[in-house]
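Novice: Using our numbering, read the sequence shown as starting at -12 and increasing by one per residue.
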Amino acid sequence: MSNRVFVVGVGMTKFEKPGAREWDYPDMAREAGTKALEDAGIDYSQVGQAYVGYVYGESTSGQRAVYELGLTGIPVVNVNNNCSTGSTALFLATQAVRSGQVDSALALGFEKMQKGSLGSTYDDREQPLMRHLLALAELQEFAMPPALYMFGAAGVEHMERFGTTAEQFAKVAVKNHAHSKNNPYAQFQDEYTLDEILASRPIHGPLTKLQCSPTSDGSGAVIVASEAFVEKHGLDDRAVEITGQSMVTDLPSTFDDRSAISLVGADMTRTAARKVYEQAGVGPDDVDVIELHDCFSTNELLTYEALGLCGEGESGKLIDAGDTTYGGRWVVNPSGGLISKGHPLGATGLAQCSELTWQLRGAADDRQVSGARTALQHNIGLGGAVVVTAYRAL
-12 MSNRVFVVGV
-2 GMTKFEKPGA
8 REWDYPDMAR
18 EAGTKALEDA
28 GIDYSQVGQA
38 YVGYVYGEST
48 SGQRAVYELG
58 LTGIPVVNVN
68 NNCSTGSTAL
78 FLATQAVRSG
88 QVDSALALGF
98 EKMQKGSLGS
108 TYDDREQPLM
118 RHLLALAELQ
128 EFAMPPALYM
138 FGAAGVEHME
148 RFGTTAEQFA
158 KVAVKNHAHS
168 KNNPYAQFQD
178 EYTLDEILAS
188 RPIHGPLTKL
198 QCSPTSDGSG
208 AVIVASEAFV
218 EKHGLDDRAV
228 EITGQSMVTD
238 LPSTFDDRSA
248 ISLVGADMTR
258 TAARKVYEQA
268 GVGPDDVDVI
278 ELHDCFSTNE
288 LLTYEALGLC
298 GEGESGKLID
308 AGDTTYGGRW
318 VVNPSGGLIS
328 KGHPLGATGL
338 AQCSELTWQL
348 RGAADDRQVS
358 GARTALQHNI
368 GLGGAVVVTA
378 YRAL
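1. Leucine 369 lies in the alpha helix (DSSP H); which residues open and close that run?
2. Who are the near neighbours of tyrosine 31 in its chain, counting only those whose CB is closer than 7 Å to its CB and skipping five residues on each side?
3. Kindly indicate which three-state DSSP category glycine 336 falls into: helix, strand or coil?
4. Can you have a look at phenylalanine -7 and say buried or exposed, based on whether 16 or more other CB atoms are within 10 angstroms of its CB?
5. Using DSSP bridges, identify the partner residues of valine 39.
6. Out of Ile190, Ala27, Gly96, point me to the one whose CA is closest to proline 132's CA.
7. For glutamate 292, which residues in the same chain have their Cβ closer than 6 Å to its Cβ, ignoring the five residues on either side in sequence?
8. What do you get for phenylalanine 78, buried or exposed, if any count of 16 or more other CB atoms within 10 angstroms of its CB means buried?
9. Taking the CB atoms as reference points, tell me whether glycine 252 and threonine 376 lie closer together than 8 Å.
10. Can you tell me whether glutamate 228 is helix, strand or coil according to DSSP?
11. Restricting to runs no shorter than 4 residues, where is the alpha helix (DSSP H) found entirely within the segment 236 to 293?
12. In its own chain, which residues sit with a C-beta less than 7 Å from the C-beta of alanine 165, not counting the 5 before and 5 after it?
13. Can you look up serine 74 in the DSSP assignment and give me helix, strand or coil?
14. Is it a yes or a no for the segment 310 to 329 touching the segment 280 to 291, going by three-plus beta-carbon pairs under 8 Å?
15. Find out if the Cβ-Cβ distance for the pair threonine 81, isoleucine 229 is shorter than 8 Å.
16. Report the rounded CA-to-CA distance for glutamate 45 versus leucine 305, giving the unit in angstroms.
17. For the pair the segment 132 to 146 and the segment 193 to 200, tell me if three or more CB-CB distances fall below 8 Å.
18. Using alpha carbons as the reference points, say which of Arg354, Gln346, Asp352, Cys297 lies closest to threonine 361.
19. Run through DSSP, which three-state label would glycine 20 get?
20. Using a threshold of 8 Å, state whether the C-beta atoms of alanine 350 and valine 227 are closer than that.
21. Find out if the Cβ-Cβ distance for the pair leucine 296, asparagine 69 is shorter than 8 Å.
22. Looking at histidine 220 and leucine 294, is the spacing between their C-beta atoms short of 8 Å?
23. What residue from Thr47, Val42, Gly20 has the CA that sits closest to valine 34's CA?
24. Determine the direct distance from the alpha carbon of threonine 108 to that of valine 273, and round the result to whole angstroms.
25. Considering only DSSP beta bridges, list what valine 84 is partnered with.
26. Using 8 Å as the threshold, is the C-beta distance between threonine 75 and glycine 49 below it?
27. Confirm, please, whether the CB-CB distance from methionine 15 to aspartate 204 is below 8 Å.
28. Count the other C-beta atoms from every protein chain shown that fall within 10 angstroms of the C-beta of glutamine 339, then say buried if there are 16 or more, exposed otherwise.
29. Does DSSP put leucine 381 in a helix, in a strand, or in coil?
30. Can you tell me which of Ser357, Ser341, Ala359 puts its alpha carbon nearest to the alpha carbon of glycine 96?
31. What residue from Gly87, Asn65, Pro321 has the CA that sits closest to asparagine 169's CA?
32. If you draw a straight line from the alpha carbon of arginine 225 to that of threonine 72, how long is it in whole angstroms?
33. Buried or exposed for aspartate 353, please, with buried defined as at least 16 other CB atoms from any protein chain shown within 10 angstroms of its CB.
34. Give me whichever residues DSSP pairs with glutamate 3 in a beta bridge.
35. With a threshold of 16 other CB atoms inside 10 Å of the CB of phenylalanine 129, please say whether the residue is buried or exposed.
36. Quick one: what's got a C-beta closer than 6 Å to glutamine 155's C-beta in the same chain, skipping five residues either side?
Written as structure tokens, this is what we have:
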């Protein structure tokens, strides 16, 4: 990839249960954005463009959010790409720098959510997931809410095809809840036993409540910069290089495969990961730490396979062997992941980037992955888009 791009500043708020804190989205954006600027050691006036992501909000909420950081007249682009909104903002900011349009750019995301399962905002037009849901209803009996149905159905299919067990899916939640106890930004910091995960309220298929990401309020921010900007401002000590990045949307296989696993984006992830490995000149075995989109425990196991950490149908063995936690081959979701850290849609991808930046700087405190030098990020939104990003410590 030409024109090197670096993460030079990251910041995020603590993720909170909706309504638990008296704040609004401008407050969230100010907190996360200010932290990112301070981390980079620059002023907002040095930022060339801003990409601001959120799913639930009015038009130009992005401008209102970053106006908390300053009024400089720069282009501000509002971004909405479902659960991959934050990483889409990062993708656009990285493109702006890599293309030479600007020397630095801000990606900021936030969400102020309603309590409970996600619902539609507009009922007078076709829902974006309708084609996916109709295709899935031909394979498994329809259920509500849609996201729970889709990822639960994908888990059922994996069990039927490969013999994956409910216990193996539940082990993902055991791991991620355990990781979150060391993350002060996480919505939850409670550990659970395997029996407690399995005994929590049944949701759909193998999923129980403690295997599902919660709705959350919060914000994340990332500043990316060119090599010239890093050198000019002496930021080598905090810069982390983005060595590969790809966004992929739904492919013919999403629908042609007649598979719940394909309908929740496995082939999008596989395609994006392949491109990123080629760009970065690395393979799965070269990666030390991973933040991936565990909106439900089923999706973490599916994503192991799509990212090439194991062969098709072998992800259950990976979790059984402890290969995705401290002491294993990779540490996956040291932050606690979406399941325990929380999932404010517009902020999730930027929180993932923040975590991996801290890990590669050796600044993740009690979550630190020993010797981490290479990292991989995966963020997906149905309907559909996936962003995969590779990072390297300098």
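Backbone N, C-alpha and C define an ideal beta-carbon position, used for all residues, glycine too. As the structure is a prediction and not an experimental result, all values here were calculated from the model.
Specialist: From the atom records:
1. No alpha helix (DSSP H) holds leucine 369; DSSP gives it neither H nor E.
2. Leu24, Leu56, Gly57, Thr59
3. helix
4. buried
5. Asn65, Leu95
6. Ile190
7. Glu299, Ser302
8. buried
9. no
10. strand
11. 239 to 243, 247 to 250, 253 to 267, 284 to 293
12. Glu178
13. helix
14. yes
15. yes
16. 43 Å
17. yes
18. Gln346
19. helix
20. no
21. no
22. no
23. Gly20
24. Residue identity differs from the one stated: residue 273 is aspartate in this sequence, not valine. So the alpha carbons of these two residues sit roughly 42 Å apart.
25. Answer is none; valine 84 lacks a bridge partner.
26. no
27. yes
28. buried
29. coil
30. Ser341
31. Pro321
32. 25 Å
33. exposed
34. Asp204
35. exposed
36. Gly303, Ile306
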